[in-house]
Amino acid sequence: MYRALGPLLRRQAPLALAAAVLLVITLLSLLIPMDVHLASLLVAVPALTATLYSALATIHMTVLACAGSVAVDLHDGLGHSPILPIHVLDLLVVCGLVLAFWRMRHTDRQTLRAVRSVAETAQSALLRPLPCRVGCVDMATAYRSAAAHARIGGDLYAAERVEGAVRLLIGDVRGKGLAAVDDAATVLGAFREAAHRDTFLKGVAIALEASMARHFEQAGERDAHAGERFVTVLVAEIPDNVPVVRVISCGHPHPMLARGHEVDVLDLTHPAPPLGVANPGQDFRVDTFRFEVGDILLLHTDGLLEARDPAGVFYPALDRFASLSKDGGPDRVIERLLADLTAYTDGELHDDVALVAVRRRCSDARAAERQLGAPTSVSRERRVPAAHATGTRTAARAGVPHRRGEEQTARRGPA
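In structure tokens, the structure reads:
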């Protein structure tokens with residue numbers, strides 16, 4: 136009951152304050168000597184009412200304030216004085232001014248709501264909510280923009296269910312504004328197409344590079360600075376029945392892996408340049424790591440590593456991930472990590488942050504789906520280089536042979 140009354144009392148507070156001012160000034164004017172005139176103070180009544188209430192409520196309170204002003208002036212013996220109509224005129228003028236400002240503020244609020252609605256629609260089209268369970272993995276995501284009220288930034292992520300595997304993408308577009316949104320949309324569209332078309336993960340990376348090279352070439356016709364634009368991305372593939380994760384990095388921060396009480400940064404030995412920077416015919420190499428049931432993989436953008444506290448100390452991402460991933464699923468890990476990051480930086484992020492946490496829940500996705508049914512639920516979005524995080528070690532490949540280039544894709548077979 137008290138919780139329900141709280142919002143109601145907050146909404147009624149300005150009106151109650153305006154009524155209290157009207158009542159107090161009127162009563163004081165009737166009690167103090169008649170040579171002290173307080174009627175002019177009643178102009179505060181329409182101003183207070185217009186802060187959060189409608190034009191109609193402001194007009195009603197102005198009429199009451201005019202009645203109170205007339206009563207006070209009559210009590211003070213000013214019934215035949217020009218001061219009485221001046222007091223009433225003052226109230227009407229103030230009422231008209233505050234209503235004009237109220238109208239402008241109302242128009243601005245409607246415009247802001249429309250802009251936010253468009254931004255939310257655009258973000259939903261770009262960063263589609265990822266399923267919380269797909270294939271053999273559970274997933275959770277978070278996106279936090281550095282700009283206040285911003286809904287769209289340069290960070291991006293996606294996931295696609297393909298035959299026998301789940302493919303993931305996370306990336307970071309250089310720059311801000313509409314150009315960054317355009318680049319992000321191109322990367323996401325290319326990934327969603329290539330993830331289903333290309334049998335091998337290397338083919339996905341080649342398709343992304345070709346698509347972005349064409350995109351930047353076309354953008355150069357209308358943007359003189361298009362040659363400075365690039366995108367860092369990391370694509371990953373999690374097979375259903377093989378306890379590994381295959382990764383290709385194009386200039387993107389390395390992911391983290393939690394296994395039991397150990398948390399490591401995956402040592403990607405063959406990173407490629409960012410998309411838009413790579414040379415034609417770039418050879419993309421696949422790194423393979425063990426990814427067993429219960430392991431949690433954290434994909435992130437550089438906003439996580441470059442976040443600082445008020446003293447300028449980098450956020451110890453690896454240490455915090457180690458302490459926050461000991462229990463709970465991906466959604467719980469993401470929630471804790473994002474809350475911890477916000478507290479560490481006092482809410483002052485200087486770069487966008489995107490997080491994708493993935494946990495392998497089984498080693499036979501088809502059997503699990505037969506038991507649970509096809510997954511349809513959607514995850515709820517929560518929208519320092521690794522060398523700065525201490526006390527942990529780099530991930531070893533734990534018995535997974537490292538296979539390079541074309542030899543690797545040929546031996547791997549269809550995903």
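Mapped onto this note's numbering, the consecutive letters of the sequence shown carry residue numbers 136 to 550.
Quick reminder that beta carbons are idealized off the backbone N, C-alpha and C, glycines included.
field: Buried or exposed (CB count within 10 angstroms, at least 16 for buried), Asp462
entry: exposed
task: Please determine if the stretch 415-423 and the stretch 434-451 are in contact, where contact requires at least 3 C-beta pairs separated by less than 8 Å.
output: By the Cβ criterion, the stretch 415-423 is not in contact with the stretch 434-451, since fewer than three pairs of Cβ atoms, one from each stretch, lie closer than 8 Å.
task: Have a look at Leu433, Ala474 and Tyr479 and flag the residue whose alpha-carbon is nearest the alpha-carbon of Leu490.
output: By alpha-carbon distance to Leu490, the top candidate from Leu433, Ala474 and Tyr479 is Leu433.
query: For the stretch 318-329 against the stretch 342-349, are there 3 or more C-beta pairs whose distance is under 8 Å?
result: yes
message: Which same chain residues end up closer than 6 Å to Ala329 when comparing Cβ atoms and leaving out the 5 residues on each side of it in sequence?
response: The residues are Val339 and Ala342.
query: For the 8 Å Cβ check, are there 3 or more pairs between the stretch 360-374 and the stretch 387-395?
result: yes
task: Can you grab the Cα-Cα spacing for the pair Val171 / Ala153, in whole Å?
output: When the Cα atoms are used, Val171 and Ala153 turn out to be separated by approximately 22 Å.
message: Just to check my reading of the structure: Arg381 and Leu336 have Cβ atoms closer than 8 Å, yes? What is that Cβ distance to the nearest angstrom?
response: 5 Å between Cβ atoms; contact.
message: Since Leu226 and Leu157 should fall inside the 8 Å C-beta cutoff, what is the C-beta to C-beta distance between them, to a whole number of angstroms?
response: Not confirmed; about 11 Å, so no contact.
field: Contact set for His222: own chain, Cβ-Cβ below 7 Å, skip 5 residues either direction
entry: Only Ala174, Ser175, Ser204 and Asp208 meet the Cβ criterion.
message: If contacts are defined as beta-carbon pairs under 8 Å, then Gly438 and Asp318 qualify, I think. What distance do you get, rounded to the angstrom?
response: Between Asp318 and Gly438 the Cβ distance is about 17 Å, and since that is not below 8 Å, they are no contact.
- request: Compute the beta-carbon to beta-carbon distance between Gly579 and Asp375, rounded to the nearest angstrom, for a pair I have assumed lies under 8 Å.
  value: Residue 579 lies beyond the range of the chain shown here (136 to 550); nothing can be said about it.
task: List the endpoints of the continuous alpha helix (DSSP H) containing Pro181.
output: Ala179 to Thr184
message: Can you tell me whether Thr423 is helix, strand or coil according to DSSP?
response: strand
query: If Met196 and Thr184 are in contact, beta carbons under 8 Å, what's the gap, nearest whole angstrom?
result: Correct: roughly 4 Å between the Cβ atoms.
- request: Spatial neighbours of Arg302 within its chain, please: CB distance less than 6 Å, with the 5 preceding and 5 following residues excluded, ordered by chain position.
  value: Glu295, Ala330 and Glu372
query: Taking buried to mean at least 16 other C-beta atoms within 10 Å of its own C-beta, is Pro181 buried or exposed?
result: buried
- prompt: Is Ser384 buried or exposed, if buried means 16 or more other CB atoms sit within 10 Å of its CB?
  reply: buried
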